[in-house]
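Protein chains in written order, with this note's numbering: chain A, 3 to 255; chain B, 36 to 901. Structure, as structure tokens:
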Amino acid sequence: MNEKIKKEKNQEIFNNFEFVDKALFFPKKEILVIGDLHIGYDRMLEDLGVYFPKSLAKETISNLKKIFKKIKSEGKNIKKIVFLGDIKHAFYFERKERDDFLDVYEFLKKYFKEENIILIRGNHDTIDYLGGKIKAIHIEEEIAFLHGHKIYNEIFSKKIKYVVLAHLHPSIILKDKVKTEEYKCFLVGNYKEKTFIILPSFLEIFEGTSVNEYKYGYDENFSIIPHKKILDFYVYVIGEDKTYFFGKIKDLI
Amino acid sequence: MTKILKARERNAEEIKKILHPIVKEWFFSKFKEFSLTQKYGVLPIWERKNILISAETGGTKTLTAFLSILNYLVHLAEKQKLEDKVYAVYTSPLKALSNDIHKNLIEPLKEIEEIAEKKGVKLQKIRVGLRTGDTTPSERTKMLKNPPHILITTPESLAIILSSKNFVKHMNSVEFCIVDEIHSLDNKRGAHLSLTLERLNEISSQWPVKIGLSATIEPMEEVALFLVGIDNSRKIEIARVVLNKKIDVEVLTPVKNIIEDEEIHHKMYELIYKLVKQHKTTLIFTNTRSATERVVNFLKEKFPTEIGEEDIAAHHSSLSKKHRFEIEEKLRQGKLKVVVCSTSLELGIDIGYIDLVIMLGSPKSSSRALQRIGRSGHKLHEIPKGRFIVLDRDDLVECCIIQKEITERKINKIKFPKNCLDVLSQQIFGMAIHKVWHEEELFNLIKKSYCYHELTRKDFLDVISYLSGEYSLEKNHVYGKIWYDPKTKQIGKRGKLARVIYLTNLGTIPEESYINVKIAGSDEFIGVIDETFLSRMKQGDVFVLGGKKYLYRYTRGMNLYVTPEIKRNPTIPSWFSEMLPLSFDSALEINKFRKLMRKKLELGHSKEKILNFIKSYLYVPKETAEAIYNYFLEQHSFLEIPHENLFLIEKFNDQGKKYLIFHSLYGRRVNDALSRAFGYVIGLLGGRDIEIGISDNGFYISGEKMMINRALKEINEKNIEEILKEAIERTDVLVRRFRHCAVRALMILRSYKGKSKSVGRQQLKSHFLFSTVKKISKEFPILREARREVLEDLMDLENAKKVISWIEKGKIKVKILDTEIPSPFALNLILQGHSDLIRIEDKQAFLKRMHELHLQKILKKAEENE
Chain A
3 MNEKIKKEKN QEIFNNFEFV DKALFFPKKE ILVIGDLHIG YDRMLEDLGV
53 YFPKSLAKET ISNLKKIFKK IKSEGKNIKK IVFLGDIKHA FYFERKERDD
103 FLDVYEFLKK YFKEENIILI RGNHDTIDYL GGKIKAIHIE EEIAFLHGHK
153 IYNEIFSKKI KYVVLAHLHP SIILKDKVKT EEYKCFLVGN YKEKTFIILP
203 SFLEIFEGTS VNEYKYGYDE NFSIIPHKKI LDFYVYVIGE DKTYFFGKIK
253 DLI
Chain B
36 MTKILKARER NAEEIKKILH PIVKEWFFSK FKEFSLTQKY GVLPIWERKN
86 ILISAETGGT KTLTAFLSIL NYLVHLAEKQ KLEDKVYAVY TSPLKALSND
136 IHKNLIEPLK EIEEIAEKKG VKLQKIRVGL RTGDTTPSER TKMLKNPPHI
186 LITTPESLAI ILSSKNFVKH MNSVEFCIVD EIHSLDNKRG AHLSLTLERL
236 NEISSQWPVK IGLSATIEPM EEVALFLVGI DNSRKIEIAR VVLNKKIDVE
286 VLTPVKNIIE DEEIHHKMYE LIYKLVKQHK TTLIFTNTRS ATERVVNFLK
336 EKFPTEIGEE DIAAHHSSLS KKHRFEIEEK LRQGKLKVVV CSTSLELGID
386 IGYIDLVIML GSPKSSSRAL QRIGRSGHKL HEIPKGRFIV LDRDDLVECC
436 IIQKEITERK INKIKFPKNC LDVLSQQIFG MAIHKVWHEE ELFNLIKKSY
486 CYHELTRKDF LDVISYLSGE YSLEKNHVYG KIWYDPKTKQ IGKRGKLARV
536 IYLTNLGTIP EESYINVKIA GSDEFIGVID ETFLSRMKQG DVFVLGGKKY
586 LYRYTRGMNL YVTPEIKRNP TIPSWFSEML PLSFDSALEI NKFRKLMRKK
636 LELGHSKEKI LNFIKSYLYV PKETAEAIYN YFLEQHSFLE IPHENLFLIE
686 KFNDQGKKYL IFHSLYGRRV NDALSRAFGY VIGLLGGRDI EIGISDNGFY
736 ISGEKMMINR ALKEINEKNI EEILKEAIER TDVLVRRFRH CAVRALMILR
786 SYKGKSKSVG RQQLKSHFLF STVKKISKEF PILREARREV LEDLMDLENA
836 KKVISWIEKG KIKVKILDTE IPSPFALNLI LQGHSDLIRI EDKQAFLKRM
886 HELHLQKILK KAEENE
């Protein structure tokens, strides 16, 4: 690989975090971060008349298990887990959705102490099924975790080096002459002297919003990062075995 | 097995005997004598025999069907014995059926009543009711109180009625059931209707006599079985009414030399104008919606004084119902000089006086051509007049062959789809709403339908499992549609909403999803394109919409943003999914002609001798024969002429791109199957994706490593179906068809809880549902149905198998030849561009390859910056 790209990659200080499938892991701090879950999305579809013969909550649990296993197999430990908001989907109380949510939560309790399960409020988390557990922002020394639909001044404090968010559901569309495929991706970039890391949605069936179109169709109202800045963010595409570096958004083909 | 009998012509005296004096008086006040169709049809219906009547348009079919029924009802009405029930059901797949019914039923009834009144005969009122998707709730309530004696409806509304809570009680002793336009039901609508008819039989305490009305169609025996179902106790008569109507038909070319004259389009409009001027009302068929608009605009622009705004109209299925109706009305009133349509005016509503039918481009089959030409000279003794206008040489040969078939009355065959599991799901759901069934009873009823006669118990039980929610992993959460008790083997409806869901979601015609095309920056709306068309494009592509070129900029949700593009040529061929496929029968005729031509050229016959042969064989004038002669001569001198016993494969390179061109003239549907089978096997052998292009006359495959000889050995009659199943597994078309099937099987509801939603399309990309279902079971019944639909309805697996078997048996010889440039016969195929891709490379391999490409690009950029 070209020296220059290597240099650029090193700037991202990769020794502090790593990508594990669709999740982000801070090995030194032993914190695992998970993007939008949208539990209850299948319920909503059912409600709209789409027969969806699978429970997404179960799928979420099995995908989380896989990630836990992978990290542990590398001899690393996970102490804390942070969910970056939009944990649930419906904007109102939904009994079946709450049941699904509690199933996932019960599962997590087997792995983590309750105080180490951090839930952050997203724009979909209008109801707190646990009553007071969900918070707007979580700060862990130099890392700030938030959903990404609203700005909190805490993230611009001097001690913060990393801002981790979800909300945008980034994905990339790759096309050649005859073929089109869509993949989830991470976005990493600098804004106000912090390193921002944007996670893809964790939900398998939510492919995402393609970053290829950010050049033309980026909605600043939907994001806390300005249009100009986001175009300089780097794209890391999630493959089966590893992530692939695709350069800056603005240079995408 | 159902017995099929031949109907015979009866004499007028016999018919007169059965007619009520008032009906007789009415009839002879309107007509001089019984038509031939009436001589065949009226008495069997009176005698309560099932009958299928086929006759060309203008054959007074509808009145034939109604005459005996009216006669019976008048008898009852006079005796004051008319009950409050439906005596006769008339169903037609046409939307605008009310006009035809007005002429053939309402008016006669009114006139009969008037005669009765004059004579002082007191008749009970005979009621006619129209029930379609547009019938308002208040009209329905009225109908419930005073049921019509004759119910006019569509296949879908009939199914709804049979699952209705209250109205169904009026349907429990229907005596007659007319199915009109039966020839147009060789699709899932037909499969749906075949089950609805069995449901009607089941509900009715007496056998509803079936009366089928059809245009000239083959095979009549199959159509008869479709109408009456399969059962030892059933019989049906077939009446092939041959009117010996003459047809005035001709193939025209706008210019003398089709390939060299660049003014061909210009001249085509002049030719159309000339023809229009010579006639009172001209109907033009263009085959596609986009061409319809184009022709209308051109004619208006080119002849603004002669063809004004008021003289011409476009008619196609994407126009609003109201708009179409207005045009039809104007036509009937003789106010229009020209009507241009895609295919929408093919079916038999009365459209008034038309004295010329022009077909731009081939109608693709003889029965379709006959149907179109039959739209002119709609009265019994007029000669229908049709003109084909052709713009390229393949079209020329094709139209001449079709003209020959029409002249010699060779009618191509239709086929009804069998065992459609999505339609079956919908119908079982409807039946479960009506009552509780025993498994055996339900299965037996379904098997009486011609379209489900060969249904296996496994398929049946799989559908039951799906409907009762068995396939789901989370039983308690999933919304099951019926309940099934394996102990008692009983089946019934589930949930309070079942009936509403059924009524609001019934039907078989898929909704397509469209993307809005807007000008970037201004948000100005230009038009819509098909969702699948969008998936074929990428940023920077140029495409044509409404005759103008646009550059793809970006998409957002259901919108595509573009900028007008003037200089560059389109990079994406215009979508041809709406193109009609050439019928297999006509294709075989062309192959036969090719062989005859090759022989004559090989024998060195003189030009004159060959011209004479063409003239007499194809019934064409000298200039046409000459154009055909030149085309064949070119191919003969350049390479050789493929034909019914010679399958030619051309190998050639275009700027490093390798092509294999298969001269497989079997129609698009067969070629779709063959090309994918070959493409898939060749792709597997080479390990890379393969591009394919398909037309009626052949197909090409393009890729990197192409081992054609090995592929030819690999594919045989026995394994082609399995190969194709694998080949289509990762295609967009399967995902798309799966979505259609999922909607028909009510997996995705179009309307739910009072809200009409397009969720299935907009929020849940169908491939997610597709992959989820695949994870549950690769053999999920609706997934199986989607595969069947692709292979049998979209493609033509049966005939593709036939072609492969001919190759295996040596009836067709395969010859592979290298060429520098494509031969004349191959040119059109190459020019039209690719139509699909066969994915061999999986998603991960593709990601890796694209990654390398991107890295190279980033690298280059980095170097440039230094």
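Every residue gets a Cβ at the ideal spot worked out from N, C-alpha and C, and that includes glycine.
Span separating the alpha-carbon of residue 732 of chain B from that of residue 189 of chain A: The alpha-carbon of residue 732 of chain B is positioned some 49 Å away from that of residue 189 of chain A.
Per-residue burial, residue 932 of chain B [other beta carbons within 10 Å of its own, 16 or more giving buried]: The structure shown does not extend to residue 932 of chain B, since chain B is modelled only from 36 through 901, so no value can be given for it.
Beta carbon of residue 94 of chain A nearer than 9 Å to that of residue 128 of chain A: Closer than 9 Å, so yes.
Where residue 882 of chain B meets chain A, residues with beta-carbon distance less than 8 Å: Going along chain A in sequence order, the residues near residue 882 of chain B (Cβ under 8 Å) are 176, 183, 185, 239, 241, 246.
Proximity test, Cβ basis, 9 Å: residue 131 of chain A and chain B: Output row for residue 131 of chain A: interface = no.
C-beta atoms of residue 375 of chain B and residue 331 of chain B nearer than 9 Å: Yes; because the gap between Cβ atoms is below 9 Å, this pair is in contact.
Neighbouring residues, chain B, relative to residue 263 of chain A (Cβ below 7 Å): The structure shown does not extend to residue 263 of chain A, since chain A is modelled only from 3 through 255, so no value can be given for it.
CB contact below 9 Å: residue 218 of chain A versus chain B: Taking Cβ atoms only, chain B reaches closer than 9 Å to residue 218 of chain A, which makes this a yes.
Own chain residues within Cβ distance below 7 Å of residue 457 of chain B, not counting five before or after: Cβ neighbours of residue 457 of chain B beyond the five flanking positions: 776, 779, 780, 817, 820.
Cutoff 9 Å: residue 467 of chain B Cβ touching any chain A Cβ: Taking Cβ atoms only, chain A never reaches closer than 9 Å to residue 467 of chain B, which makes this a no.
Through-space distance from residue 176 of chain A to residue 247 of chain A, alpha-carbon basis: Distance from the CA of residue 247 of chain A to the CA of residue 176 of chain A, rounded to the nearest whole angstrom, comes to 13 Å.
Whole-angstrom C-beta distance between residue 386 of chain B and residue 366 of chain B, which should lie under 8 Å: In this structure, residue 366 of chain B and residue 386 of chain B form a Cβ contact; the two beta carbons are roughly 5 Å apart against a cut-off of 8 Å.
Within 9 Å, strictly: CB atoms of residue 706 of chain B and residue 676 of chain B: Not a contact, by the Cβ cut-off of 9 Å.
Contact between the stretch 398-410 of chain B and the stretch 440-454 of chain B (3+ Cβ pairs under 8 Å): Contact check between the stretch 398-410 of chain B and the stretch 440-454 of chain B: three or more CB pairs, one atom from each, fall below 8 Å, which counts as touching.
Straight-line Cα distance separating residue 823 of chain B from residue 805 of chain B: Near 15 Å, if we compare the C-alpha coordinates of residue 823 of chain B and residue 805 of chain B.
Neighbour-count burial assignment, residue 23 of chain A, 16 or more Cβ in a 10 Å radius: So residue 23 of chain A ends up on the buried side.
Residue from A/232, A/43, A/145, A/81 whose Cα sits closest to the Cα of residue 172 of chain A: Among A/232, A/43, A/145, A/81, the Cα nearest to that of residue 172 of chain A belongs to A/232.
Collapsed DSSP secondary structure at residue 935 of chain B in the structure displayed: The displayed coordinates of chain B run from 36 to 901. Any statement about residue 935 of chain B would go beyond what the structure contains.
Cβ distance (whole Å) where residue 150 of chain A is taken to contact residue 92 of chain A below 8 Å: Between residue 92 of chain A and residue 150 of chain A the Cβ distance is about 20 Å, and since that is not below 8 Å, they are no contact.
8 Å Cβ shell around residue 327 of chain B - same chain, five flanking residues per side excluded: Sequence-distant Cβ neighbours of residue 327 of chain B in its own chain, meaning closer than 8 Å and more than five residues away, are 321, 349, 350, 351, 375, 376, 377.
Within chain A, the residues that residue 690 of chain B reaches when beta carbons sit closer than 7 Å: Near residue 690 of chain B there are no residues of chain A at all, since even the closest Cβ is about 14 Å away, more than 7 Å.
DSSP state of residue 223 of chain A mapped onto helix, strand, coil: DSSP places residue 223 of chain A in helix when its eight states are reduced to three.
Three-pair Cβ contact test at 8 Å for the stretch 484-502 of chain B versus the stretch 254-270 of chain B: Three or more beta-carbon pairs drawn from the stretch 484-502 of chain B and the stretch 254-270 of chain B are found closer than 8 Å, and the two stretches are therefore classed as touching.
Per-residue DSSP class, three states only, for residue 2 of chain A: Not covered by the structure: residue 2 of chain A. The range shown for chain A is 3 to 255.
Closer than 9 Å to chain A by CB, residue 555 of chain B: Residue contact with chain A for residue 555 of chain B: present (Cβ-Cβ distance below 9 Å to some residue of chain A).
Cα-Cα separation, residue 512 of chain B to residue 110 of chain B: Because the pLDDT at residue 512 of chain B is just 36, under 50, the model does not fix this residue reliably, and the value given afterwards should be weighed accordingly. Cα-Cα distance, rounded: 58 Å.
C-alpha distance - residue 107 of chain B paired with residue 95 of chain B, whole-angstrom precision: Annotation: residue 107 of chain B to residue 95 of chain B spans about 19 Å, alpha carbon to alpha carbon.
C-beta atoms of residue 527 of chain B and residue 536 of chain B nearer than 9 Å: The answer is no: Cβ separation not under 9 Å.
Where residue 447 of chain B falls: helix, strand or coil (DSSP): Per DSSP, reduced to three states, the secondary structure at residue 447 of chain B is coil, with no helix or strand assignment.
DSSP three-state assignment for residue 193 of chain A, whether helix, strand or coil: Residue 193 of chain A carries a strand assignment under DSSP once its states are collapsed to helix, strand and coil.
Chain A contact for residue 889 of chain B (CB, 9 Å cutoff): Yes, residue 889 of chain B lies at the interface with chain A (some Cβ there is under 9 Å from its Cβ).
Status (buried if at least 16 other CB within 10 Å, exposed otherwise) for residue 598 of chain B: Counting C-beta atoms within 10 angstroms of its own C-beta, residue 598 of chain B has fewer than 16 neighbours from the protein chains shown and is therefore classed as exposed.
Coil, strand or helix - residue 479 of chain B by DSSP: Helix.
Other residues of its chain near residue 156 of chain B: CB distance less than 7 Å, five sequence neighbours each side excluded: Once the five neighbours on either side are set aside, the close Cβ partners of residue 156 of chain B are 57, 113.
Neighbouring residues, chain A, relative to residue 531 of chain B (Cβ below 8 Å): Result: empty, since nearest Cβ-Cβ is about 15 Å, beyond 8 Å.
Counted within 10 angstroms of its Cβ, other Cβ atoms place residue 339 of chain B as buried (16 or more) or exposed: Answer is exposed; the Cβ neighbour count stays below 16.
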